[in-house]
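Okay, structure first, notes after.
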Amino acid sequence: LAPILDPPPVGASVSVCSGTAVAAEDPNLLSPNNSQRSSMSQSQSPTHHLQPPGCSPEELDEVGTFFDDHAAAIERWFRERAPPEVIAKLQSITGGGDVCKSTPRSPHRASVTSDLFQQWLASSPVKKCRSPTSRASFSNRSHLADLDEGDLFMELIRDVANELDIDVLCHKILVNVSLLTHADRGSLFLVKGPPSGKYLVAKLFDVTQNTPLDEAVRRAKQDELIIPFGVGIAGTVAQTNETINIKEAYKDPRFNSEVDQKTGYKTHLILSMPICNYEGQVIGVAQIINKTNGSSEFTERDVEIFRRYLTFCGIGIQNAQLFEMSVQEYRRNQILLNLARNIFAEQNNLECLVTKIMTEARELLKCERCAVFLLDLDCCEANHLERMLDRPEHQPLSRRTSHNVDVEDLVQQQKSTGRFTMIFELGSSSSSAANISRPSVNDLNSSTLAQIAEYVASTGETLNINDVNEWLKDKPI
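First residue of the sequence shown? That's 1 in the UniProt record's numbering, and the numbers climb one at a time after it.
Here it is in structure tokens:
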């Protein structure tokens, strides 16, 4: 809830009831980039360049499917076993490019470029546009079994290095870590909140190597898990920035068995480790559970591999978070610009103007209801302050001239100068018309929202209330 300070034709305060609402997309931002996707798919498939005469479209499709499903194996074959004449022929067909020294990934690196930024802006807030590597990353992992440990580690680092979708990135991290350490499942928590009150939020929870991305994201959003710093195993790791390796979970007092009771899963081994950014600050916690190879513990080698991999993952997570923040900030600016256009376009009808303000505020803040309280118009004229200054007996209190002014003084001063004469209320997103009322003194005294609005109008403070009942008990009026 915040006071409306500018423009000053009328004094007002805005009251927003917190809640949940489905995010609405700006239609100007929705522009599917089909041409980009088409060109991307063409550049990925070598069969678009190699079309020998006499081949039917069906045969070309089969070859293209094989190339798409075995891209890593084909790349390795070209690097290690392809005859020189084959490479020379490919170079002549592709225009002289060095096939051996380039990889299919390099043209599509998900760097923060204008094209990628526009692609993200055109995506839905629920189902973001996934990069081609995101879709294919988990579709076929059989080729990883042929790699030695060093090549496998580097392949899994490349898998997350250029990913800017935070959901996809966290899913890849858990699946890849489980593959490297032979863990049965894992969870990833991200740090939220101000420095004085940090907590962990489960970004993805209880993910196995075979858990699809969409299912993992849906479960995490459906059952949001919040852990304060210092509480439980993950909270302790986040607070101390130290690794915890537990051989028997039920013997550790920090272990919470509620999840096992709900799912029927039996947790024995837990390896929990902090994820840090390049400054060494904890930005998340990764946790893996149980082993799939029959081992009775996570070995020191598992711990070292886990630590090495999370070092790269921390940088990737921070990059993805910064990119997501830039996208959100861009969208917020677009909404604010749209709001400004609507306000300046409607200057003759007060009802239409306030309704537009509330509609845009509801979409911007993702709230269920919005209300605007207008003060007595006679008290909000441009020369009202000058008239008050001409009358010493009604001179408003000032902190510059008085050292004992408190909130109650300001509230009483406001009550003596005016009251709310009009209330505009806008309900759910399905409602486009505002309810307008002219409240009586009794209506204002009995309304909780009116009391909050009166406090904001009197003090000029912005209120963000988590518990209205608690605020009413402790309010200084």
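Just so it is clear, CB atoms sit at the ideal spot from N, CA and C, and this is done for glycine as well. Only a predicted model underlies this, so the values are computations on that prediction, with no experimental measurement involved.
Under the Cβ criterion (8 Å, minimum of three pairs), the stretch 312-331 counts as touching the stretch 161-180.
Apart from the 5 residues on each side of it in sequence, residue 241 sits with its Cβ closer than 7 Å to the Cβ of 274, 282 in its chain, given in chain order.
In this structure, residue 305 lies near residue 181, with their beta-carbon atoms less than 8 Å apart. Three or more beta-carbon pairs drawn from the stretch 259-275 and the stretch 236-250 are found closer than 8 Å, and the two stretches are therefore classed as touching. Around the beta-carbon of residue 222, fewer than 16 other beta-carbon atoms lie within 10 Å, marking it exposed. For residue 245, the beta-bridge partners assigned by DSSP are 271. A direct Cα-to-Cα measurement between residue 437 and residue 373 gives close to 10 Å. In the structure shown, the three-state DSSP call for residue 313 is helix. Going by DSSP, residue 176 is part of the alpha helix (DSSP H) stretching over 166-181.
In this model, residue 212 and residue 309 are separated by some 22 Å (Cα to Cα). Apart from the 5 residues on each side of it in sequence, residue 153 sits with its Cβ closer than 8 Å to the Cβ of 180, 305, 308, 309 in its chain, given in chain order. Contact between residue 421 and residue 375 holds, since their C-beta atoms are separated by about 7 Å, short of 8 Å. With a threshold of 16 other beta carbon atoms within 10 Å, residue 66 falls short and is exposed. Between residue 364 and residue 332, the gap from beta carbon to beta carbon is short of 8 Å. For residue 254, same chain residues with a beta-carbon under 7 Å away, outside a window of 5 residues either side, are 232, 233, 236 in chain order. When only Cα atoms are considered, residue 342 and residue 349 end up about 12 Å apart.
Secondary structure of residue 228 (DSSP, three-state): strand. Across the set 428, 358, 312, the C-alpha of 312 shows the shortest separation from the C-alpha of residue 161. CA-CA distance, residue 442 to residue 454, rounds to 14 Å.
In the structure shown, residue 307 falls within a helical segment according to DSSP collapsed to helix, strand and coil. Residue pairing of residue 422 in beta bridges, as defined by DSSP: 374. Here DSSP, grouped into helix, strand and coil, assigns residue 250 to helix. DSSP places residue 284 inside the beta strand (DSSP E), whose first and last residues are 282-291. Bridge partners of residue 191 according to DSSP: 200. In the three-state reduction of the DSSP assignment, residue 64 falls in the helix class, which pools H, G and I.
Setting aside the 5 residues that flank it on each side, residue 183 is surrounded in the same chain by 288, each with a C-beta closer than 6 Å to its C-beta; the list follows chain order. In the three-state reduction of the DSSP assignment, residue 367 falls in the coil class. Between residue 219 and residue 167, the alpha-carbon positions lie close to 12 Å from each other. When the five nearest sequence neighbours on each side are left out, the beta carbons in the same chain lying within less than 7 Å of the beta carbon of residue 216 are those of 171, 204, 207, in order along the chain. Counted as a single uninterrupted DSSP element, the alpha helix (DSSP H) harbouring residue 446 occupies residues 441-446. For residue 78, the three-state secondary structure derived from DSSP is helix. Counting every other CB atom within 10 Å of its CB across the protein chains shown gives residue 354 a total of 16 or more, marking it as buried. Rounded to whole angstroms, the gap between the alpha carbons of residue 295 and residue 251 is 18 Å. Per the C-alpha coordinates, the member of 346, 371, 347 positioned closest to residue 358 is 371.
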